[in-house]
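Those protein sequence lines, which keep their order, are chains A and B. Position one of the first sequence corresponds to residue 1 (my numbering), numbered consecutively onward. Position one of the second sequence corresponds to residue 157 (my numbering), numbered consecutively onward. Below is one structure, written out as structure tokens, with a few remarks after it.
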Amino acid sequence: MQLEYFRMVDRIVHLSAEDRMLRAEARVPDASPVFEGHFPGHPILPGVLMIETMAQTGGWLVLALGRFAQMAFLAQVKEAKMRSFVAPGALLETEATLLHDGSGYAVAKGRITSGGKSVADAELVFRTMPFPAPELREMMVETARRIGFPEELIAA
Amino acid sequence: MTTSTFDTIAGIIAETCDVPREKITPDAHVVKDLGIDSLDFLDVAFAIDKAFGIKMPLEKWTQEVNEGKAPAEQYFVLGNLSARIDELVATKPA
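Here's what the structure looks like:
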């Protein structure tokens, strides 16, 4: 994870188009300016960044199922629960399952665990639309390759 | 438009958007009369898709309205929306 750059997902671990599910890993950095304020003497990953991590995991799933033809933008977060503190250095397992592929939107269930313990979960709604800028798609494709996306799911 | 389709949609809107059921009539426009914005309409669309087992072609409808090829009322006045849902249900794959 690079918290300051909002790069939350490190590596795709499993992606199943059939089950409409994606699993990934994210290692919380040992040090970050974020922890200086959140909180002094008790550094923990902010809940909003847990939500962002679930959103990016779900976003990668939506992109994969749509073969990178459309971008997914977070539109709603429902029933978000932050169940455990997450300390610097923790390894997070993130998972997203697509609940519904709508026209112009998608709904996914997001979940984070760490060492078998529940960390956070939420239902996420995305607006889906053609990439508004070519450089955004280029950056998403480049990032997808870096985090181990199956090449066959990245359409040219 | 079948009455049961309209009633199902009206129930969804009342529940998901907190609109009094008596305000939800076949003549009501989703935006102008009921004050439902595009974000709240995502919840309505999700619930309608689930309830009827369809995928409402919102992108196509929006594009037609934006390009002036169809009046917004054709899709977003509830009686008409119910008729569009009936059409989608009638043509959905078995």
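Positions of the beta carbon are idealized from the N, C-alpha and C atoms, including for glycine. Bear in mind that the values here come from a model prediction, so they are computed numbers and not experimental data.
Less than 9 Å separating the beta-carbons of residue i and residue j?
i, j, result
"residue 91 of chain A", "residue 26 of chain A", "yes"
"residue 28 of chain A", "residue 147 of chain A", "no"
"residue 98 of chain A", "residue 65 of chain A", "yes"
"residue 61 of chain A", "residue 20 of chain A", "yes"
"residue 245 of chain B", "residue 172 of chain B", "no"
"residue 24 of chain A", "residue 95 of chain A", "yes"
"residue 234 of chain B", "residue 75 of chain A", "no"
"residue 187 of chain B", "residue 169 of chain B", "no"
"residue 54 of chain A", "residue 101 of chain A", "no"
The alpha helix (DSSP H) that contains residue i, what's its start and end?
i, result
"residue 198 of chain B", "194-208"
"residue 171 of chain B", "159-173"
"residue 243 of chain B", "234-247"
"residue 138 of chain A", "134-146"
"residue 125 of chain A", "That residue, residue 125 of chain A, is in no alpha helix (DSSP H); its beta strand (DSSP E) goes 117-130."
"residue 219 of chain B", "214-222"
Taking residue i as the query, report the chain B residues whose CB atoms sit under 7 Å from its CB, ordered along the chain.
i, result
"residue 125 of chain A", "198"
Give me the chain A residues within the contact set of residue i, using Cβ-Cβ distance strictly less than 7 Å, ordered along the chain.
i, result
"residue 249 of chain B", "By Cβ distance, chain A contributes nothing, its closest Cβ being about 15 Å from residue 249 of chain B, past 7 Å."
"residue 237 of chain B", "Ordered by position in chain A, no residue passes the 7 Å Cβ test against residue 237 of chain B, which lies about 14 Å from the chain."
Which one of the options has the shortest CA to CA distance from residue i?
i, options, result
"residue 36 of chain A", "A:87, A:7, A:111, A:127", "A:87"
"residue 211 of chain A", "A:4, A:2, A:15, A:56", "The structure shown does not extend to residue 211 of chain A, since chain A is modelled only from 1 through 156, so no value can be given for it."
"residue 127 of chain A", "A:139, A:107, A:69", "A:107"
"residue 116 of chain A", "A:22, A:130, A:93", "A:93"
What does residue i reach in chain B if we use C-beta pairs closer than 8 Å?
i, result
"residue 17 of chain A", "In chain order: nothing, as chain B lies at least about 18 Å away."
Please report the residue range of the beta strand (DSSP E) in which residue i lies.
i, result
"residue 107 of chain A", "105-114"
"residue 64 of chain A", "Counting along the chain, residue 64 of chain A falls outside any beta strand (DSSP E), though it belongs to the alpha helix (DSSP H) covering 47-65."
"residue 181 of chain B", "No beta strand (DSSP E) contains residue 181 of chain B, which DSSP labels as neither H nor E."
Which chain A residues sit within Cβ distance under 8 Å of residue i?
i, result
"residue 211 of chain B", "101, 102, 103"
"residue 195 of chain B", "75, 76"
"residue 243 of chain B", "Under the 8 Å cutoff, chain A gives no residues; its nearest Cβ is about 15 Å from residue 243 of chain B."
"residue 205 of chain B", "100, 102"
Which residues of chain A have a Cβ atom closer than 9 Å to the Cβ of residue i, listed in chain order?
i, result
"residue 202 of chain B", "99, 100, 102, 105, 107, 125"
Worksheet entry | Members of the segment 95-118 of chain A near chain B, C-beta cut-off 9 Å | 99, 100, 101, 102, 103, 104, 105, 107
Worksheet item: Of the residues that make up the segment 63-82 of chain A, which ones have a beta carbon closer than 8 Å to any beta carbon in chain B?
Response: Here the close residues are 75, 76.
Practice prompt. Report the residues of the segment 171-187 of chain B with a CB closer than 7 Å to any CB of chain A, ordered along the chain.
Written response: For chain A, none of the residues of the segment 171-187 of chain B brings a beta carbon within less than 7 Å of one of its beta carbons.
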